[in-house]
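Numbering (the working numbering), first residue to last: 37 to 402.
Glycine included, each C-beta is placed from N, C-alpha and C at the ideal position.
Here is the structure we will look at, set down as structure tokens.
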Ligand code: KG4
Ligand code: ZN
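Structure below.
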């Protein structure tokens, strides 16, 4: 192994962000993000009010070369400086994953450098470590348009899934709520804004799985209940605001109650006396009410809350490069025929013991 910390090119294309990043570590072992370029596809998907897999795949193919070129150029380095290419190989929308993985394979061949296959969820699991020290073990809530799951992150390569959605992701429920009320895309920020004008107790909505002795989620029923509530309303601005506020409160309650259950489970994976670390990542973590609710939960339960900065919280390639870096150090390289995987649970054992995983509009959740 060389003395100089390796420089890893990370590539991410599993949902609706096309991203590339160069990353290394400093002499103290802290990650250094040399560049991180993200091309969003919001404009492509906006007319449909959600991510359309076919459109996503085509957009990745169109954007990826340019995004990689920009990442190399922004790092101030040449392609020759790259020691390995790490790409998301799943889980995700398969057309997009294939597009990023094929680009990585081509580069690995052309540069004669190793290829590293990265699980997108491992990228999210390690993402808090991009911007600040975050020692193992920690409890992670990943809550985005593609995923809603709770993981015990015990160490590199040592992840235990404590719960996940059995149907839709929380972000999909936000997007659907926005779509039925014609609020625009992506729905989360629009629903959050409108919720400030509504009464969170105006509409009675379900809290799926409340009190259940596991840490799984279900959002399909909540989504349907919101659509019914809107149909039954007079469609006025007041009604929309009340539905947005009531929906957001339901999501806050569900995330907090299910996370509380996962905290009980997490304690079996640590011998520390606390405070324990709780990390929330994913696009939905941008929501201020959700953050406030989770902060209150943490202070009641002797956990500290960490949220990576938004640029590392939502889909990005720096987290893929960081996971790739750790695999490089362990010598975990992939063959050039490595396959793209639409489903790829981070925790294989738990996945077979617990089949909870969803397949919604944005694709497989684990
Ligand atoms: O992590 P992310 O950028 O990527 C994917 O899932 O691909 O998450 C996007 C999701 C969308 O569903 C969006 O509506 C939701 O995160 N989101 C929010 C907020 N900002 C983004 N949900 C609730 N409140 C927000 N402020
Ligand atoms: Zn993601």
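Between the stretch 149-160 and the stretch 366-385, are three or more C-beta pairs nearer than 8 Å? yes
Discussion item. Do residue 251 and residue 178 count as a contact pair if the criterion is CB distance below 7 Å?
Written reply: no
_Using 7 Å as the threshold, is the C-beta distance between residue 279 and residue 265 below it?_
yes
**Prompt:** Under 6 Å from any heavy atom of ligand 2, does the C-beta of residue 224 make it?
**Reply:** no
- [ ] Can you check DSSP and say which residues form a bridge with residue 76?
- [x] 53
Residue 119 versus 343, 43, 239 and 168, residue with shortest Cα-Cα distance: 43
request  = Quick one: using the 10 Å Cβ neighbour count with 16 as the cut-off for buried, is residue 267 buried or exposed?
outcome  = exposed
Quiz prompt | Of the listed residues 186, 241, 344 and 132, nearest to residue 97 (C-alpha basis) | solution = 132
Can you look up residue 210 in the DSSP assignment and give me helix, strand or coil?
helix
Exercise. Cβ of residue 189 within 6 Å of any heavy atom in ligand 1?
Worked result: no
If you count every other CB in all the chains shown that lies within 10 Å of the CB of residue 260, and 16 or more means buried, which is it?
exposed
Which of helix, strand or coil DSSP assigns to residue 125 | strand
Where residue 400 and residue 383 are concerned, what is the direct C-alpha to C-alpha distance, given to the nearest angstrom?
Note that residue 400 scores 42 on pLDDT, short of 50, meaning its location in the model is unreliable and no value can be drawn from it.
Notebook entry, point to check: Which residue or residues does DSSP assign as beta-bridge partners of residue 152?
Noted result: 122
Which two residues bound the contiguous beta strand (DSSP E) that contains residue 284? Not the beta strand (DSSP E): residue 284 falls in the alpha helix (DSSP H), residues 273-302.
Check your understanding: Given 8 Å as the limit, is there contact between the stretch 223-233 and the stretch 201-211, that is, 3 or more CB pairs closer than that?
Key -> yes
Buried or exposed: which applies to residue 165, given that a residue is buried once 16 or more other Cβ atoms fall within 10 Å of its Cβ?
-> buried
Check your understanding: Which residues in the same chain have their Cβ closer than 8 Å to the Cβ of residue 391, if we skip the five residues on either side of it in sequence?
Key -> For residue 391, the predicted structure reports a pLDDT of 36, less than 50, and the residue's modelled location is therefore unreliable. A value from the coordinates is still provided. Counting only Cβ-Cβ distances below 8 Å, and skipping sequence neighbours, we find nothing.
Could you check whether residue 189 and residue 174 sit closer than 7 Å to each other, using their CB atoms as the reference points? yes
Q. Does the distance from the CB of residue 369 to the CB of residue 41 come in under 7 Å?
A. no
Check your understanding: Under 6 Å from any heavy atom of ligand 2, does the C-beta of residue 163 make it?
Key -> no
Q | Cutoff 8 Å; reference residue 236; Cβ partners in own chain excluding five residues on either side | A | 281, 282, 284 and 285
Exercise. Would residue 111 pass as a contact of residue 167 if the rule is Cβ separation under 7 Å?
Worked result: no
- Which partner residues of residue 48 appear in the DSSP bridge assignment? 55
- Task: State yes or no: is the C-beta of residue 337 within less than 7 Å of the C-beta of residue 289?
- Result: no
**Request:** Evaluate contact between the stretch 67-87 and the stretch 98-108, counting only Cβ atoms and requiring at least three cross-stretch pairs below 8 Å.
**Result:** yes
Contact belief for residue 206 with residue 184 at Cβ below 8 Å, rounded distance in angstroms: 5 Å
For this session: Please confirm whether residue 358 and residue 67 have their CB atoms less than 7 Å apart.
Result: yes
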